[in-house]
Amino acid sequence: MLKGLLFDLDGVLTNSAKYHLSAWNNLANELGITLTDAQLDQLRGISRMDSLNMILKFGGQEDKYTEAEKEKFAAEKNAKFVEQIQKMTPEDILPGIPQLLKDAKAQNLKMAIASASKNAPTILNKLGIMDEFDGIVDPSTLHRGKPDPEIYVKAQELLDLKADEVISFEDAQAGVEAIKAADQFAVGIGDKELLKEADYIVASTAELKLSEIEEVFNKRK
């Protein structure tokens with residue numbers, strides 16, 4: 016029986032991912048690394064340090080910097096990102112999400128955020144939907160990033176629910192893999208081929224209908 020919904024943030028509730036990717040691209044350029052669109056896309060849904068290490072690997076610089084230098088780069092990237100998200104408003108909530116949250120509340124479903132972003136509370140407050148959620152996974156408590164299932168297991172535990180009682184929403188391949196590794200029902204938002212492991216896939220958030228997702232969820236066994 017469905018009792019809760021778990022959400023990634025960037026690319027699911029709002030398009031703050033564009034600010035992340037822009038900030039990472041700027042940092043890469045400063046380090047003399049040119050990223051392709053495909054490489055940038057691989058940074059979606061993964062943690063800050065994992066993203067940085069991936070960028071350095073793309074540029075053949077994985078062994079060039081100390082951990083202290085890497086921390087400094089990550090902090091610089093985050094400062095630029097935080098500066099950009101200050102201008103976010105409720106208008107930045109993606110289409111279909113307000114109705115989805117409203118329908119979930121009408122069913123008394125619990126909801127939590129499973130995002131690697133340490134800025135999730137700031138973004139949710141800017142969007143005006145912080146109070147909609149019963150919990151937010153603290154990324155600093157995580158030992159492994161997506162596609163490891165840890166973040167989704169923690170989100171489920173925050174709501175005191177079991178894996179077969181939740182539906183989880185993701186726009187990144189690593190995120191969908193994390194959901195499935197947590198043995199949860201995955202809703203993928205985006206490219207059908209990229210997110211093929213998901214149990215239910217839509218091209219955009221505008222197509223999300225809780226009743227239709229639940230219908231598939233209830234038939235899965």
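With the working numbering applied, the sequence shown covers 16 to 236. For every residue, glycine included, the Cβ atom is placed at its ideal position computed from N, Cα and C. Fair warning: this is a prediction, and the values are worked out from it, not measured in the lab.
CA-to-CA distance, residue j to residue i, given in whole angstroms
i	j	result
residue 113	residue 102	20 Å
residue 141	residue 70	29 Å
residue 14	residue 202	Outside the shown range of the chain (16 to 236) lies residue 14, about which nothing can therefore be said.
residue 143	residue 200	27 Å
residue 48	residue 80	14 Å
residue 235	residue 94	43 Å
residue 83	residue 224	46 Å
residue 177	residue 16	10 Å
residue 134	residue 120	24 Å
residue 174	residue 197	15 Å
residue 25	residue 116	16 Å
residue 78	residue 125	44 Å
residue 137	residue 226	30 Å
residue 86	residue 29	27 Å
residue 108	residue 37	19 Å
residue 228	residue 215	7 Å
Other residues of its chain near residue i: CB distance less than 7 Å, five sequence neighbours each side excluded
i	result
residue 189	60, 61, 161, 162
residue 221	110, 111
residue 66	39, 58
residue 73	48, 50, 54
Exposure label - residue i; buried when at least 16 CB within 10 Å
i	result
residue 122	exposed
residue 92	buried
residue 158	exposed
residue 211	exposed
residue 153	exposed
residue 233	exposed
residue 53	exposed
residue 27	buried
residue 31	buried
residue 217	buried
Delimiting residues of the beta strand (DSSP E) encompassing residue i
i	result
residue 94	First-last for residue 94: 82 to 100, but that is the alpha helix (DSSP H), not the beta strand (DSSP E).
residue 26	Taken as a continuous stretch (DSSP letters only), residue 26 belongs to no beta strand (DSSP E), as it is neither H nor E.
residue 127	125 to 128
residue 201	200 to 204
residue 185	181 to 185
residue 216	215 to 217
Cutoff 8 Å; reference residue i; Cβ partners in own chain excluding five residues on either side
i	result
residue 208	none
residue 63	89, 92, 93, 131, 133
residue 40	50, 55
residue 68	77, 85
Own chain residues within Cβ distance below 6 Å of residue i, not counting five before or after
i	result
residue 205	186
residue 151	128, 135
residue 145	139
residue 43	50, 70
Limits of the unbroken alpha helix (DSSP H) element including residue i
i	result
residue 66	63 to 73
residue 232	225 to 234
residue 191	188 to 196
residue 166	165 to 173
| query | Is there contact here, the stretch 16 to 30 with the stretch 181 to 190, by at least three beta-carbon pairs under 8 Å? | reply | By the C-beta criterion, the stretch 16 to 30 is judged to be in contact with the stretch 181 to 190, since at least 3 inter-stretch pairs fall below 8 Å.
| query | Looking at C-beta atoms only, is the number of pairs between the stretch 189 to 197 and the stretch 159 to 167 that lie closer than 8 Å three or more? | reply | Touching, yes, given that three or more Cβ pairs across the two stretches are closer than 8 Å.
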